[in-house]
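Report on one structure; see the data block that follows.
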């Protein structure tokens with residue numbers, strides 16, 4: 001494309017550009033060439049160096065700095081306009097170019113003023129190190145997100161590290177020094193002169209706004225955020241970015257940068273979503289809806305239809321949709337923590353929070369509206385978001401954007417209609433549909449939010465006792481004592497008044513919810529245990545007190561299973577999962593779960609870029625709890641068979657083990673780019689895909705690697721993996737791990753080479769170890785090493801065996817199992833007593849080891865029921881006997897699982913309850929092992 005047509009669209013549309021080029025013919029000639037190249041950071045740096053002159057000092061004197069920055073801004077604005085309207089620059093180039101201009105301008109102004117102040121006041125130094133202490137300049141809003149529009153102002157917050165005094169001839173406090181520095185920087189950037197201005201600057205997002213100091217220390221900022229930070233400030237700090245401004249070559253700003261990020265992250269992203277914040281988020285949504293009205297009135301009644309930013313379906317609504325997901329989910333999903341809108345939207349799509357179609361439509365709307373916004377601002381270099389009302393000007397705008405008036409209007413209508421509908425539905429899409437508006441009745445709301453009344457605590461407790469006695473009959477006295485114990489506990493007595501009122505409002509509602517369950521007394525006791533546990537977390541008190549549907553769901557779970565009640569009480573963060581009840585009943589997508597877990601763990605980094613191991617360990621535990629809770633909810637509703645549940649829990653463990661290998665390997669490996677030639681082999685319940693909610697993991701670690709330090713490095717990997725899985729952190733323990741099934745048991749190596757493992761299995765393994773091998777499988781790690789294991793396992797399974805000798809070994813081991821699990825009660829132990837589950841498992845293992853060579857289909861790890869069926873089809877046992885025994889095994893597992901949910905430690909039932917099942921298992925045992 002020749003250079004002249006490249007400027008045609010811009011010159012046809014922008015009166016500002018025509019006037020500037022008429023006044024400065026040299027700029028026109030320069031622009032013809034400049035507009036042929038993308039505006040990149042390197043290009044901007046070269047333009048600035050050219051404007052400053054070859055001999056310019058690093059810190060430009062004030063007048064020169066002002067002149068250079070204004071001329072640079074004119075170059076950037078004009079070039080981006082020409083390229084954008086010619087269709088040569090995408091949105092990323094335009095907003096990236098403006099952001100880079102802001103970064104350069106703020107850095108230049110800072111260095112200029114710091115050099116001037118140094119002559120008089122010296123340097124503010126870190127009291128601990130003596131090094132110069134940089135001012136920390138935080139870009140907020142679109143500047144922080146690297147998405148400035150072409151006529152934007154910039155929002156800045158000025159911070160510094162430690163208090164102290166400067167070291168110059170006229171020493172002043174750091175507080176005063178940074179305040180002066182800020183005050184002198186602003187005219188360089190924002191004052192209008194013959195060359196225009198660089199950026200309008202706004203400092204009102206700092207703590208206390210205009211009433212606060214211009215610059216804040218990090219300690220003061222921390223106290224403010226903890227004590228006074230408001231919900232809209234979380235929204236603002238989400239994009240907060242430390243700008244690359246540095247005035248002193250010998251400074252070390254990294255410690256302060258890390259400190260700042262350690263303040264920002266927990267303020268913006270809460271692990272426990274703050275349900276108190278819902279009202280603030282709803283108010284923010286309403287303010288966005290109404291903001292255009294206030295602004296419209298100040299512009300002589302221009303309505304929202306013409307405002308592409310603040311009007312219905314505008315840019316601000318897209319920003320709210322994306323950032324709502326970040327605020328609600330980002331505490332648990334670090335991969336969502338992007339400052340830029342489009343990267344955040346893509347992360348939400350990849351996390352499955354926004355459908356691919358909705359994400360694509362939101363992105364298309366955003367790009368169209370932002371390009372339209374830029375075109376409006378190019379016209380007169382004005383910070384406007386208003387579409388022209390005149391049809392002729394609208395047609396000219398459409399032409400500038402390269403389309404017809406009809407196409408522009410229809411595209412605008414379609415985009416804004418979709419955005420508006422999505423914005424209205426934002427809370428439901430974010431998984432908080434049931435919380436869009438509180439559901440508590442008016443009387444309860446009034447009681448919850450009323451100021452403290454003259455009613456004494458004794459009066460409140462008497463009223464509660466009366467409610468209990470009216471509703472719970474013979475259980476009333478016990479429940480009254482439990483309620484009195486709760487209200488007098490230290491956790492409740494130490495609460496602030498607002499939280500205490502929440503407990504007072506929640507208890508009657510919880511008792512009423514318990515009465516609606518099939519098991520009111522137990523539900524009430526368990527709910528009170530939960531309330532006492534969460535008393536110090538106002539977020540969850542708010543959730544249960546103000547949203548009765550969620551409270552009713554919790555009550556039903558409490559009534560259904562003491563184990564579930566204990567699980568929820570131990571891990572109250574799972575209450576978040578109850579917000580959107582529907583999602584709990586969606587099947588777990590393990591491929592998506594694995595992708596999201598990887599993305600979230602990758603995002604768990606310290607400010608220096610290294611992995612934050614503690615956060616990664618906690619995140620994996622939280623993911624395991626939430627996925628297990630999703631399965632538990634489906635289990636309690638009868639939507640999962642025991643077999644399906646075990647498959648799902650085993651698949652979850654496989655995902656977490658694979659991720660553990662990925663995270664621990666870099667901590668032990670010192671060879672660049674080396675990959676772990678290492679596999680995790682699952683035995684026992686995980687190996688047989690029969691895992692339960694609280695099952696241990698029986699694991700063996702194998703490697704096949706020629707490196708000289710293989711034994712040492714894989715032993716370290718195994719040790720660190722075991723620690724990663726089993727260490728108790730603030731989020732609990734991931735899994736208990738048992739490594740005793742490895743070769744030589746506790747006396748053996750933690751990680752064994754494939755070659756040594758094969759030699760052991762062929763020459764030294766006991767028959768019971770081959771029994772255990774029948775249920776073993778590759779679980780995680782290097783698939784190639786996993787394939788080696790599966791080959792070895794298959795070879796061992798088909799070894800020729802003396803049937804009589806094998807039978808004696810199996811019977812002897814069965815005897816040891818019985819002796820190790822004595823049952824002195826008249827009840828029948830579903831697992832260990834004769835006729836129970838262990839008998840089925842031993843028969844199956846015997847059949848595999850005895851006949852695997854002739855019937856290779858038995859070698860596959862397919863589960864006891866399937867293997868019995870295959871043995872029947874092969875004529876090894878009677879098919880009907882196999883079917884009856886398989887059915888019995890299924891019933892025994894189901895009963896065991898039901899008892900586990902009831903919190904029973906040993907799964908025992910009256911013998912007569914499973915007489916048919918015992919008989920079926922006994923007949924199978926007699927037919928195969930013939931005792």
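Numbering (full-length UniProt numbering), first residue to last: 1 to 931. C-beta atoms are modelled at their ideal positions from N, C-alpha and C, and glycine is treated no differently. Computed from a prediction, not measured in an experiment: that's the story for all the values here.
Which residue marks the beginning of the alpha helix (DSSP H) containing residue i, and which one marks its end?
{"i": "residue 270", "result": "Careful: residue 270 lies outside any alpha helix (DSSP H) and carries neither H nor E."}
{"i": "residue 158", "result": "First-last for residue 158: 154–160, but that is the beta strand (DSSP E), not the alpha helix (DSSP H)."}
{"i": "residue 818", "result": "803–820"}
{"i": "residue 482", "result": "476–488"}
{"i": "residue 47", "result": "41–52"}
For residue i, report the span of its beta strand (DSSP E) as first-last.
{"i": "residue 681", "result": "678–683"}
{"i": "residue 137", "result": "136–140"}
{"i": "residue 216", "result": "215–217"}
{"i": "residue 751", "result": "751–753"}
{"i": "residue 778", "result": "777–781"}
{"i": "residue 700", "result": "697–703"}
By how many angstroms is the C-alpha of residue j removed from the C-alpha of residue i?
{"i": "residue 239", "j": "residue 340", "result": "7 Å"}
{"i": "residue 779", "j": "residue 251", "result": "50 Å"}
{"i": "residue 187", "j": "residue 672", "result": "51 Å"}
{"i": "residue 689", "j": "residue 234", "result": "44 Å"}
{"i": "residue 669", "j": "residue 347", "result": "30 Å"}
{"i": "residue 837", "j": "residue 792", "result": "28 Å"}
{"i": "residue 126", "j": "residue 104", "result": "25 Å"}
{"i": "residue 700", "j": "residue 231", "result": "49 Å"}
{"i": "residue 385", "j": "residue 308", "result": "6 Å"}
{"i": "residue 575", "j": "residue 524", "result": "17 Å"}
{"i": "residue 821", "j": "residue 223", "result": "58 Å"}
{"i": "residue 416", "j": "residue 361", "result": "10 Å"}
{"i": "residue 956", "j": "residue 171", "result": "The question about residue 956 has no answer, for the chain in this structure spans 1 to 931."}
{"i": "residue 546", "j": "residue 513", "result": "13 Å"}
{"i": "residue 713", "j": "residue 607", "result": "28 Å"}
{"i": "residue 556", "j": "residue 486", "result": "21 Å"}
Measuring CA to CA, which of the options is closest to residue i?
{"i": "residue 207", "options": "825, 236, 190 and 688", "result": "236"}
{"i": "residue 580", "options": "570, 605, 543 and 606", "result": "543"}
{"i": "residue 841", "options": "885, 854 and 827", "result": "885"}
{"i": "residue 862", "options": "922, 552 and 776", "result": "776"}
{"i": "residue 282", "options": "272, 270 and 328", "result": "328"}
{"i": "residue 138", "options": "167, 635, 123 and 102", "result": "102"}
{"i": "residue 558", "options": "680, 527 and 698", "result": "527"}
{"i": "residue 380", "options": "150, 561 and 40", "result": "150"}
{"i": "residue 536", "options": "561, 501, 515 and 508", "result": "501"}
{"i": "residue 565", "options": "598, 522 and 585", "result": "522"}
{"i": "residue 368", "options": "782, 733, 397 and 857", "result": "397"}
{"i": "residue 377", "options": "489, 78 and 622", "result": "78"}
{"i": "residue 497", "options": "538, 482, 634 and 556", "result": "538"}
Taking all protein chains shown into account, decide if residue i is buried (16 or more other Cβ within 10 angstroms of its Cβ) or exposed.
{"i": "residue 142", "result": "buried"}
{"i": "residue 48", "result": "buried"}
{"i": "residue 58", "result": "exposed"}
{"i": "residue 14", "result": "buried"}
{"i": "residue 1", "result": "The pLDDT assigned to residue 1 is 35, lower than 50, so where the model puts this residue is not dependable; a value taken from the coordinates is nonetheless given after this. With fewer than 16 other Cβ atoms within 10 Å, it is exposed."}
{"i": "residue 628", "result": "buried"}
{"i": "residue 158", "result": "buried"}
{"i": "residue 746", "result": "exposed"}
{"i": "residue 728", "result": "exposed"}
{"i": "residue 548", "result": "buried"}
Using 8 Å as the threshold, is the C-beta distance between residue i and residue j below it?
{"i": "residue 6", "j": "residue 86", "result": "yes"}
{"i": "residue 892", "j": "residue 914", "result": "yes"}
{"i": "residue 739", "j": "residue 750", "result": "yes"}
{"i": "residue 505", "j": "residue 551", "result": "no"}
{"i": "residue 849", "j": "residue 876", "result": "no"}
{"i": "residue 935", "j": "residue 132", "result": "Outside the modelled stretch of the chain, which goes from 1 to 931, sits residue 935, for which no answer is possible."}
{"i": "residue 895", "j": "residue 909", "result": "yes"}
{"i": "residue 853", "j": "residue 800", "result": "yes"}
{"i": "residue 351", "j": "residue 364", "result": "no"}
{"i": "residue 600", "j": "residue 588", "result": "no"}
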